[in-house]
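Chemist: Could you have a look at this structure, given as C-alpha cells, before my questions?
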Amino acid sequence: MTPYFSEKGSSSKKLMLIENGKILTDEISLANTMNDFFLNITKNLDIKQYPCMKCFNLDGLKKRFMTHESIKKIKQLYEIREGDMFSFKNISSEEVKQEILSLDKKKSSILGSIPVSILKQTLDIYIVKLTNSINHSFLTKKLPNKLKMGEVIPIFKKKDPLQKDNYKPVTLLSHISKVFERIIHKQIYSYMENKLSKYLTGFRKNHGTQHCLVTMLEKWKDVLDKGEYICALFMDLSKAFDTINHDLMLAKLEAYGFSESSIQFMNSYLKDRTQKVQINNCFSKSGKLNVGVPQGSIIGPLLFNIFINDFTFFIENNFLCNYADDNTMYGIGKNKEDVKIFLNQDFQTAAKWFYENAMILNPEKCHYMCLGPNVNNAEEFHSVNFNLKNSEVETMLGIKIDRKLNFEAHINDLCRKASQKLNALNRIASFIDVDKRNLLYNSMIRSQFSYCPLVWMFCSRKCDNKINKIHERALRVSLQDFESDFETILVRNNDYKIHNRNIQSLMIEIYKFLKGLAPPIMDTLFQTREIDYNLRNFQVMKNSIKNTTKYGTETISYKSSALWSLVPMEIKSIDSLAAFKSKIKKWNCDQCPCKLCLLFVTNLGYL
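Mapping of the sequence shown onto the numbering used here: residues 2 to 608, in sequence order.
Structure representation (C-alpha cells):
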C-alpha cells in the first residue's frame, strides 16, 4: 500500500549518481563519493574559513575571536560571574538508568550496536560501570573515540536525485552514544534555556513550527487590519549544519559562560569525529569530520541553536521568525518605502553575520513578499547581490503563504493530497475490514489537516466546504455508509469536523499559555486581563479593538477570548495538561462565533 498512501520515496530505491559525466551505480563507489562530498562540503561553498586549532588552548581561542562581532555581542549581553559558569556535573546511576529505559527500540543505530531490548534487560549488570565511565569522561574532559563514530545515511531532499548536492547526511550513532548525548544535552540545555532567544522555535521542548508560523502571521494580520504594510524576506541557509566551525562554536560557548573544563570536553566532542556512509549493506571508507555538527545526533541541533542564537541580537529594526535554518525577517510600517529601507539595512547586517559566522545564504531560496493596500505585483526588492521579485505565494515550513493570507493555495494542496489517498482507500476498501479502513482514514487522510491547523483555521467558507466534502467522503468510505447524513456518520465514528478539531487545538494552546507551559513567543499572541475576583465564566482572555473582519475579528488573537469562554468550567479547571487534552478532544463547540459557523442567508448575511 505504501506507493498509494505515502508521499515519501521508497528506502529500497536504488541510488544512482552522475559524477564527472558518468553514472555511478556501484554501491561502494557511491558510498565513497557521498562520504567525500559530505566531509568536504565547505570547500565547495564561498564561506569564510577559520582553520581549526591543532592543539586546544583556551587563552589562544579567546584571543583569536576576541574581536569577532558575535563574541563581543554575547559578552556584552551576558556578564557571567565565575560562580554562575557552566560545568558538567557528575550523575547518578539512577539518572543513567532512566535514560536507557527511555531509549526507543524503533530508532535506527549503527551496525553492531547493542540492541535496545538487550540494554534494558541487562542494565543492572553494567549500569554502575557505565555511570562511572560517563563521570570519568567529564573528569578527564574527553569523550571516548568509539562514541564519536557515526554511520551516515544519505537522505534525498528534492530536485534531481542524480546530483549529490540534493542529499543531506543523517548520522546514526550507537545506543550507548545516545545515552551519553542525552545526559550532555540535558545539562547544557538546562543552562542555556533562558539564554536562547524566544524567536528560536526549532529543536526546543514545547516549541514547534506552528508556534513559529502562527505568531508571525497573526502579527501580519494585525498590521493589515490597521491598513499598514509588511515587507518580508524569506531566507534560507545552504548546508547550515555542515558549515559550523568548531573553534567558533567553542568561542561562543566560552562567551555564554562555559568553564574551561566544559569547553575542553566539548572540544573533544566536536574534534576527531569520524564517519562513513552506508548505502544498503555497503560502507565507504571512514573519514574525519573537521567541520559541522552531526545531523541526527541529539546534541547537534542544540549546538546549532546556540551557534545561531546571537544572530537574533543583530536584527534591530525588524522582526524575525526562525525555525532551524529557515529565517524570515519582516518589517512593518505605514510607509512602504521606509519599511523596505529598514529591511534592507537589517538584511545587510544579516548577510554580514552569515559571512562572519562561516555560513552562506542560498540565493535560490531567498524570496521577497510585500503585503498591504495597493501593493504592485511587479514590485521588487533590491539589495547587494540580490534582486528579488514580489512573490505571490511562498512555502514556509510546509505552509503555503499567499499575499492575501486566505491560504486557498495551501488548503487546495491539502485537499488534493487527501483526495489522492482517499481514492487509494476507496479502491481497496472492500478488501479490508472496518478497523483497517479507519486506521488508514486517520493516519493518511484526516492527518493531512492536522499540521499547523491554527495557521489556516479561519479560512474562507469556500475552503471550509471543500475540506468538509473531503472529510465526509473519507468517512463514508471508511464506514462504508453512503446513506446517512454527515452529522450521523461523525457521531458514529466518534469524530468531529475539521474546524471543531482546530478549535480543540486552539483551546489546548490557550490552556498551555494560561498555565505557563507555552513558548515565550506565544505571549505576543494571547493576552490576559488583570482581575481581582473570580468571573463566573472564567474568562481571563482579552481582546483589542479591530477594524476589519478578515484581518481583525476573524483571527486567533481576537476569537480566542470568545471561544475560551465557551469551554465548560469543569474542563478549564483541570490541573493536568494530559487530562485537559483528553477532555477537550471530546468537547464539541456548537456555539463558535466565527463566520464559518454562523448561518448565512442570501440577501441577509450572517445570522
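For each residue, glycine too, the CB sits at the ideal point set by N, CA and C. Computed from a prediction, not measured in an experiment: that's the story for all the values here.
Any idea what DSSP makes of THR244, helix, strand or coil?
Modeler: Note: THR244 maps to helix in three-state DSSP.
Chemist: Along the chain, where does the beta strand (DSSP E) that runs through PRO155 open and close?
Modeler: Where PRO155 is concerned, the enclosing beta strand (DSSP E) stretches over 150-157.
Chemist: Which one or two residues does DSSP pair with THR396 in a beta bridge?
Modeler: Its beta-bridge partners are LYS401.
Chemist: If you reduce the DSSP assignment to three classes, tell me which class SER269 lands in.
Modeler: Helix, per DSSP.
Chemist: Measure the Cβ-Cβ separation of CYS460 and ASN407 and say whether it is below 9 angstroms.
Modeler: Yes, these two residues count as a Cβ contact at 9 angstroms.
Chemist: From the DSSP output, in three-state form, read off ASP237 for me.
Modeler: In this structure, ASP237 counts as strand in the three-state DSSP scheme.
Chemist: According to DSSP, what are the bridge partners of LYS169?
Modeler: Note: LYS169 sits in a beta bridge opposite ILE156.
Chemist: Would you kindly check if the distance between the Cβ of THR244 and the Cβ of ILE402 is under 9 angstroms?
Modeler: Result no, Cβ atoms of ILE402 and THR244 do not sit closer than 9 angstroms.
Chemist: On the three-pair Cβ rule with 8 angstroms, is the stretch 228-245 touching the stretch 310-327?
Modeler: Yes, since at least three Cβ pairs between the stretch 228-245 and the stretch 310-327 fall closer than 8 angstroms, the two stretches touch.
Chemist: In or out: TYR79 buried (at least 16 other Cβ within 10 Å) or exposed?
Modeler: The residue is exposed, with fewer than 16 neighbouring Cβ atoms inside 10 Å.
Chemist: Consult DSSP for GLN592 and reduce its assignment to one of helix, strand or coil.
Modeler: The answer is coil: DSSP assigns GLN592 none of H, G, I, E or B.
Chemist: When the distance is taken between beta carbons, is LEU476 closer than 9 angstroms to GLY491?
Modeler: The residue asked about is misnamed: residue 491 is Leu in this sequence, not Gly. Yes. Within cutoff.
Chemist: Express the C-alpha separation of PHE320 and ASN91 in angstroms, rounding to a whole number.
Modeler: Whole-angstrom Cα-Cα distance: 41 angstroms.
Chemist: Given 8 angstroms as the limit, is there contact between the stretch 140-158 and the stretch 260-277, that is, 3 or more CB pairs closer than that?
Modeler: Cβ pair count under 8 angstroms is three or more, so yes.
Chemist: Which residues in the same chain as VAL153 place their Cβ atom closer than 6 angstroms to its Cβ, once the five residues preceding and following it in sequence are excluded?
Modeler: PRO170, THR172, GLN276, VAL278, listed in sequence order.
Chemist: Can you list, in chain order, the residues of its chain whose CB lies under 6 angstroms from that of ASN538, leaving out five sequence neighbours each side?
Modeler: Below a pLDDT of 50, predicted positions are generally treated as unreliable, and ASN538, at 46, falls in that range; the measurement from the model is reported next regardless. For ASN538, where only same-chain residues beyond five positions count, the Cβ hits under 6 angstroms are SER566.
Chemist: Comparing C-alpha positions only, which one of LEU201, THR202, GLU261 sits nearest to GLY61?
Modeler: Nearest option by C-alpha distance: GLU261.
Chemist: Should HIS247 be labelled buried (16 or more other beta-carbon atoms within 10 Å of its own) or exposed?
Modeler: Buried: at least 16 other Cβ atoms inside 10 Å.
Chemist: I need the straight-line Cα distance from ASN45 to GLN77, nearest angstrom please.
Modeler: Roughly 34 angstroms between the two C-alpha positions.
Chemist: Tell me the residue span of the beta strand (DSSP E) that contains GLU20.
Modeler: Taken as a continuous stretch (DSSP letters only), the beta strand (DSSP E) holding GLU20 covers 18-20.
Chemist: Would you kindly check if the distance between the Cβ of LEU40 and the Cβ of ASN377 is under 9 angstroms?
Modeler: Contact flag unset, no.
Chemist: What's the C-alpha gap between PHE259 and VAL294?
Modeler: So the alpha carbons of these two residues sit roughly 18 angstroms apart.
Chemist: Contact check, LEU218 vs PHE66 under 8 angstroms by CB: the rounded distance?
Modeler: That pair is no contact at about 38 angstroms.
Chemist: How would you write the range of the beta strand (DSSP E) that LYS470 sits in, first residue to last?
Modeler: It is not in any beta strand (DSSP E) - LYS470 instead sits in the alpha helix (DSSP H) that spans 462-480.
Chemist: When the Cα atoms are used, what is the spatial distance from HIS208 to GLU357?
Modeler: Whole-angstrom Cα-Cα distance: 28 angstroms.
Chemist: State the CB to CB distance for the pair PHE181 and ILE115, rounded to an integer number of angstroms; the pair is presumed to be in contact (CB under 8 angstroms).
Modeler: Between ILE115 and PHE181 the Cβ distance is about 14 angstroms, and since that is not below 8 angstroms, they are no contact.
Chemist: Can you tell me the Cα-Cα spacing of LYS587 and PHE266, whole angstroms?
Modeler: Rounded to the nearest angstrom, the two C-alpha atoms are 50 angstroms apart.
Chemist: Express the C-alpha separation of LYS516 and HIS137 in angstroms, rounding to a whole number.
Modeler: Rounded to the nearest angstrom, the two C-alpha atoms are 40 angstroms apart.
Chemist: Could you tell me which residues DSSP pairs with ASN328 in its beta bridges?
Modeler: Answer by DSSP bridge pairing, in chain order: MET236, ASN323.
Chemist: Going straight from the alpha carbon of GLU317 to that of THR329, what length do you get?
Modeler: Approximately 14 angstroms, taken between the alpha carbons.
Chemist: Excluding the 5 residues preceding and the 5 following LYS286 in the sequence, name in chain order all residues of the same chain whose CB lies nearer than 8 angstroms to its CB.
Modeler: Closer than 8 angstroms at Cβ, skipping near neighbours: ASN33, ASN36, LYS277.
Chemist: Taking a contact to mean a Cβ-Cβ separation below 9 angstroms, would you say PHE89 touches GLN188 in this structure?
Modeler: Yes, they are a contact pair.
Chemist: For VAL435, which beta-bridge partners are listed by DSSP?
Modeler: The partner list for VAL435 (beta bridge, DSSP) is empty, contrary to what the question assumes.
Chemist: So does the stretch 93-106 actually touch the stretch 68-77, counting three or more Cβ pairs closer than 8 angstroms?
Modeler: Too few Cβ pairs lie closer than 8 angstroms, so no.
Chemist: For ASP496, count neighbouring C-beta atoms within 10 Å of its own C-beta (all shown protein chains included) and say buried if the count is 16 or more, exposed if not.
Modeler: The residue in question, ASP496, is buried, as its Cβ has 16 or more Cβ neighbours within 10 Å.
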